[in-house]
Amino acid sequence: MTNHHDKLVTPAQMREMDRRTIEEIGIPAAVLMERAALAAVSTLREHFPHIFAPAPNAPDKPDGIKVGILCGGGNNGGDGWAIARLLHAEGFHVKAVSLTAPNSTNTSLHEASTNFQIAHRLGISILDLSAESPESVGARLRCLGPCTIWIDALLGTGLNRPLDDRFTAAINFLNAQPAPVFAIDIPSGIDALTGQIHGTCVHADATVTFAFPKLGLTVLPARQHVGKLYTADIGIPHAIAEDVGFTADILSESWARRHITARLRHFHKGTAGRLLLLGGSREKSGAILMTAHGALAAGAGLITVGTLDTLVPTIAPALPEVMAAPMFAETFDGACESRLLGFLEGVNTVAIGPGMETHDGARTALQIVLESEDIQHLVIDADAINILSDGDNDERLREFAARANVILTPHPGEMAQLLHIPIEKLLQAPIDHAQQLAKNTGAIIVLKLATTIIAAPDGRLAINSSGNPGMATGGMGDALTGIIAALLHPEKDPFAAACLGVWAHGAAGDHAARHATGQRALSVSSLLTHLGHVWRAIEPDASLP
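Right under this line is the structure:
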């Protein structure tokens, strides 16, 4: 059976999985809704044990716990009504609010209407705001008084348009409450496909999503409003899920453990990869050093730093494990070209750009690299990306990508320059733009955001889950370039290598922040020191008996 952990779906894919489960397998929609409600209540207990633990003197009776549930008119609201019934049955004081009463004549919402009617017949306290004006919604909600916890079941994963003013008022009310908020499937106001926010959204302390995480939950700006994300199984058959398909992988420790390649006993320096790292300048000598440190910490076999002749004496004492040689200059001459061509014949992976600047010599070096027929893998970063964005290398890049593996690692500013669009437009749809650039260039795109996106020319997509704000410091991207370059040769799939490098880089930052530095003192050097802990946790050791 295919492992479906770490898979992401679009709202359309989730709807199709639901439809086929109901129509082809025969599991009633009411059963799926009940499973969702039961899973949500279970997750409530898991995330808020201090709220839902039984009172010592009355283990069978909740002690004064008031639960406010805001329900919309769709299936997300139906989940809310079912949750209200389950909590009411356990003795909790439930205050339910109907923003849009489910329409019993709409057969597609029959289950939501049924659960609404059951809640009504059970005598659950229901505040009906379905006929209220936007101006009065907030005032009526405030009359409910405080609750121990609030549940958001207003809007589901189908939202793709600006919010109705009534829902905006309800969301603003939830966000103003001192009590925690628990979102059902997705915080209301978030686009489950793009991660964009339609005016405003619920700021959830935790979210339970059903069957599979939705793509939009994993990227910014949505990610910062989701809180802790839980995924609950509601019984979608594996065969149905596999047949409908998935949109992306979410990169996690379990994903990395399944995709990293074991080092066998006969592994040697050549197997580990022969790297040439091109970069550095008088003002940015640290950038290429960080790239080399990253490559070394990711297991590269043989590393050569190609840089300015004036920087060569700096490299050797800083990193005795690597070689250094002059290979380009601001004014490129025949000697530089000869040395560079000679080294290109002896390596399988090149990373170019960190700290290189964009002078004529750097442009010539990039051109020579793109014309090489010896390189198997190429990582283009930093200033080399800037050269690509304002030069005439587009066709060379496509031709090179047709015969070798290319990875571009832009941050948002560099990505916007490559696409010749405003950065604001890029950030409105970063996944779409990353996928389009990958298709147009033939390169794997590593778009370095707070939630990094990796897109392949063949349509594969991955979203990273590791990393923290402490990594917002100089040199982090340079180290990532070295890590990815080191993984390209031993890993058989360049997309998997890029994904593994991105996740491990972020995981090392998380480990360093958690166990040593905190976020504010996190540096590239401390991150790389902790990268070994990440490898030790995930790599299989096939060399041991």
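For the sequence shown, position 510 (counting from the first letter as 1) is numbered 524 according to the working numbering, and the numbering increases by one without interruption. A virtual CB, placed ideally from N, CA and C, is assigned to each residue, including glycine. Predicted, not measured: the structure shown is a model, and the values here were computed from it.
Every beta strand (DSSP E) stretch that sits fully inside the segment 373 to 398 and reaches 3 residues is listed by chain position as 391 to 394. Going by DSSP, N90 is part of the alpha helix (DSSP H) stretching over N89 to A103.
Taking 8 Å as the cut-off, the beta carbon of A133 is found closer than this to the beta carbon of R99.
Between C513 and A551, the beta carbon gap of about 17 Å keeps them out of contact (Cβ cut-off 8 Å). Going by beta carbons, A398 and I366 fall inside the 8 Å limit.
Scanning the segment 464 to 488 from its first residue to its last, the whole beta strand (DSSP E) runs of 3-plus residues come out as 467 to 469 and 475 to 478. Across the structure, K242 and E344 are spaced so that their CA atoms are roughly 50 Å apart. Ranked by how close their Cα comes to the Cα of A115, the residues G91, V240, I138 and R296 have G91 in first place. Between the segment 216 to 223 and the segment 52 to 63 there are three or more C-beta pairs closer than 8 Å, enough to call the two in contact. Per DSSP, reduced to three states, the secondary structure at D446 is helical. In its chain, beyond the 5 residues on either side, no residue has a beta carbon closer than 7 Å to the beta carbon of N454. Looking at the DSSP output, G82 sits in a beta bridge with K109 and W164. The C-alpha of G152 is placed about 49 Å away from the C-alpha of R272. In this structure, the CA atom of N89 is about 32 Å from the CA atom of H447. Take the alpha-carbon of S127 and the one of Q442: they are about 36 Å apart.
Among the bridge pairs identified by DSSP, D263 is matched with K21 and A476. Under the 8 Å Cβ criterion, the segment 466 to 484 does not count as touching the segment 282 to 296, having fewer than three qualifying pairs.
In this structure, the straight-line span from the alpha carbon of A306 to that of A53 is close to 47 Å. In this structure, V420 lies away from L402, with their beta-carbon atoms at least 8 Å apart. It is roughly 12 Å from the alpha-carbon of A276 to the alpha-carbon of A270. Restricting attention to alpha helix (DSSP H) runs no shorter than 4 residues, the segment 145 to 200 encloses them at 148 to 156 and 179 to 189, ordered along the chain. Taking 8 Å as the upper bound for CB-CB distance, V516 and T465 are not in contact here, some 10 Å apart.
D347 and I389 have their C-alpha atoms spaced approximately 22 Å apart. About 7 Å separates the beta carbons of E385 and R410, which is inside the 8 Å limit, making them a contact pair.
Just measuring C-alpha positions, the residue of A535, R534, A527 and Q533 sitting nearest H547 is A527. When Cβ pairs closer than 8 Å are counted between the two stretches, the segment 294 to 304 is seen to touch the segment 327 to 342, the count reaching three or more.
P426: member of the alpha helix (DSSP H) spanning P426 to L433, first to last residue.
Counting the other CB atoms within 10 Å of its CB gives P424 a total of 16 or more, which places it among the buried residues.
Judged by their CB atoms, A255 and M490 are not nearer to each other than the 8 Å cut-off. Counted as a single uninterrupted DSSP element, the stretch harbouring F281 is not any beta strand (DSSP E), since DSSP gives it neither H nor E. Apart from sequence neighbours up to five positions away, the residues of its chain that approach N186 with a beta-carbon distance below 8 Å are G152 and T214, ordered along the chain. Residue state for I250 is assigned as coil, using DSSP reduced to three classes.
By the CB criterion at 8 Å, G287 and T363 fall inside the cutoff. Listed as beta-bridge partners of I552 by DSSP are no residues whatsoever. Note: N419 is bridge-paired with H391 in the DSSP secondary-structure output.
Listed as beta-bridge partners of G320 by DSSP are L292 and A339.
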